[in-house]
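Participant: The structure under discussion is supplied below as structure tokens; questions concerning it will follow.
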Amino acid sequence: MWGWAKIKNPFRIALNYAVIRICGLMPSLSIKNKLYRSIGMKIGKDVSVGLEVTFDIFFPELIEIADNSVIGFRSTVLCHEFLVDTWKVGAVKIGRNVLVGANSTILAGVTIGDGARVSACSLANRDIASGVLVGGVPARELRSE
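Under the numbering used here, the first residue of the sequence shown carries the number 87, and numbering increases by one thereafter.
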């Protein structure tokens with residue numbers, strides 16, 4: 087983890103961090119979405135991001151949230167993972183009409199299908215199919231439509 091400054095320009099990371107923190111305190115969804123787009127995130131129409139949500143500061147450009155999805159209060163979406171000897175990166179794709187409950191974590195490389203629901207306090211560490219309800223740590227299918 088000590089070599090993080092070689093991965094991405096520290097000034098860019100500082101800018102990403104500032105935008106994400108400011109948005110985390112901002113109630114206006116339209117301004118939030120514009121600011122998220124300004125750091126490279128792909129944000130669809132009518133996306134709602136709750137207060138204190140944390141997005142990946144290294145690779146926000148690898149996050150895609152499709153139309154009419156909701157990311158709940160204090161959730162975390164990561165696109166990188168530092169390991170002991172190495173690190174890995176993966177895009178996160180959140181489909182249309184998805185609900186991510188409060189305090190959930192979405193890890194690097196995860197795709198969440200259209201209409202899926204992730205219950206509060208869950209850990210999504212693998213892909214989630216369309217139209218299912220998942221929950222837990224790690225998230226497991228609880229119900230399918």
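Where is the CB? At the ideal position from N, CA and C, for every residue including glycine.
Bear in mind the structure is a predicted one, so any value in this text is a computation, not a measurement.
1. Going straight from the alpha carbon of L193 to that of S208, what length do you get?
2. How about A225 and A210: do their beta carbons lie closer than 7 Å?
3. Quick check: what's the CA-CA separation for R229 versus N95?
4. Let's see if you can read the secondary structure: which residues bound the beta strand (DSSP E) around I151?
5. Please go through the region 152 to 183 and give each complete alpha helix (DSSP H) segment of 4 or more residues, from N-terminal end onward.
6. Mind checking who L209 pairs with in its DSSP beta bridge?
7. Going along the chain, which residues of its own chain have a beta-carbon closer than 6 Å to the beta-carbon of S134, five neighbours each way excluded?
8. Straight-line CA distance for V105 to Y122?
9. Excluding the five sequence neighbours on either side, which residues of its own chain have a C-beta within less than 7 Å of the C-beta of S216, listed in chain order?
10. Find the nearest neighbour of V190 within the set S161, P146, V178, judged by alpha-carbon distance.
11. Just to confirm, are N102 and I143 a CB contact at a threshold of 7 Å?
12. Starting from V220 and walking both ways along the beta strand (DSSP E), at which residues does that stretch end?
Facilitator: Reading off the structure:
1. 11 Å
2. yes
3. 43 Å
4. 149 to 151
5. none
6. T191
7. L115, V156
8. 7 Å
9. G181, G199, D200, G201, A202
10. According to the sequence shown, residue 190 is Ser rather than Val. Cα-wise, what sits closest to S190 is S161.
11. yes
12. 218 to 221
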